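Protein chains in written order, with the numbering used here: chain A, 1 to 133; chain B, 1001 to 1133.
Ideal Cβ positions, reconstructed from N, Cα and C, are used throughout, including at glycine.
Note that the coordinates shown come from a computational prediction; the quantities given were computed from them, not determined experimentally.
This report concerns only the one structure given below.
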DNA sequence: TGCTAAATTGTAATCGTTACAAACAACAAC
DNA sequence: GTTGTTGTTTGTAACGATTACAATTTAGCA
């Protein structure tokens, strides 16, 4: 938790209970949640927490690279506490999101000359191992 | 244009002026447009064209694999007449989207055992060659 | 030519997200 | 500690891309 506080401070963000709660929850729950899911999960412990604050917080964290945004369904934004490069697999049957390791160098090798990549997203749709059996 | 008609018919979709116009425009304008952009572009020639019809059409075309959807900015859906596998590069300075070739086999090789991919999306953010100079 | 199911149209609704202004709290200086 | 400044939180209202809906029109076929 001290680490999280330092992360916030190093980004020039003030340390607040709400931010710590959101950040900490994302670290411990790698489920690619929407803002609403985070809000629902924290409400019991923070009854005054506003959904707006959750949005403000995840936007601030994402802007400073402390978390990443994931677009699985265009209709809603999801967030990911894991900022290391990795791919996302979306099973069209069970709907589950599975992370898988990628080598960003492989992806960067696909780019035309002169292009400078800063963030790679690899997103695959299909059938997961369980649903394909 | 005959080809486009056949594409529609083979998907069990009726051939209408509106669908042909949208489909044809997407083929000839590889600019990853939003529904609104398509609508604005076609309005001069089809003054009665409804934005709803553009949405209906791109959704129908995408559902049958005749076009693909691209999510560059989560806030709005874009469409791509090129259904072959390729990556999208989004320059954070000029905002331009550049297509680049990918080898889907490379991407599939990153997946865990047993996972069956059906569609791959590779999306890279950074600086394009022109902006990086 | 007429029938029927599908497509188009315009309007109204939906819903995730953001704008805004007032109340509050972090944190640095004293 | 106390204070002051500035950033943050909160609730509500607005926003905007997309979709639902019902009435009208049209494609495709007998």
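Residue i - DSSP class collapsed to helix/strand/coil
i               : result
residue 37(A)   : helix
residue 1113(B) : coil
residue 49(A)   : coil
residue 20(A)   : helix
residue 1078(B) : strand
residue 1127(B) : strand
residue 98(A)   : strand
residue 1057(B) : helix
residue 1014(B) : coil
residue 121(A)  : strand
residue 92(A)   : coil
residue 83(A)   : coil
residue 31(A)   : coil
Under 8 angstroms from the C-beta of residue i: neighbouring residues of chain A
i               : result
residue 1082(B) : Simply none; closest approach about 16 angstroms.
residue 1106(B) : 106, 110
residue 1127(B) : 115, 116, 118
Neighbouring residues, chain B, relative to residue i (Cβ below 9 angstroms)
i             : result
residue 74(A) : 1069, 1071, 1074, 1076, 1077
Beta-carbon proximity list for residue i, same chain, < 8 angstroms, skipping 5 on both sides
i               : result
residue 45(A)   : 21
residue 120(A)  : 85, 102, 104, 107, 108
residue 1(A)    : 20, 24
residue 1033(B) : 1026, 1041, 1078, 1079
residue 57(A)   : 18, 19, 22, 23
residue 8(A)    : 14, 15, 19, 20, 23, 66
Under 7 angstroms by beta carbon: chain A residues contacting residue i
i               : result
residue 1102(B) : 110
residue 1012(B) : Neighbours of residue 1012(B) on chain A: none; closest Cβ ~21 angstroms, over 7 angstroms.
Residue i vs residue j beta-carbon contact at 8 angstroms
i               : j               : result
residue 1113(B) : residue 129(A)  : yes
residue 51(A)   : residue 18(A)   : no
residue 126(A)  : residue 1076(B) : no
residue 69(A)   : residue 79(A)   : yes
residue 4(A)    : residue 64(A)   : no
residue 81(A)   : residue 67(A)   : yes
residue 1061(B) : residue 124(A)  : no
residue 1116(B) : residue 35(A)   : no
residue 74(A)   : residue 1092(B) : no
Nonlocal neighbours in the same chain, by C-beta distance under 6 angstroms from residue i, ignoring five residues either side
i               : result
residue 1087(B) : 1100, 1102, 1122
residue 39(A)   : 51, 54
Interface partners of residue i on chain B, CB under 7 angstroms
i              : result
residue 121(A) : 1123
residue 87(A)  : 1110
Amino acids of chain A, ordered along the chain, whose beta-carbon sits closer than 9 angstroms to that of residue i
i               : result
residue 1132(B) : 114, 115, 116
Contacts around residue i, its chain only, beta-carbon distance under 7 angstroms, and the 5 residues preceding and following it disregarded
i               : result
residue 1043(B) : 1049
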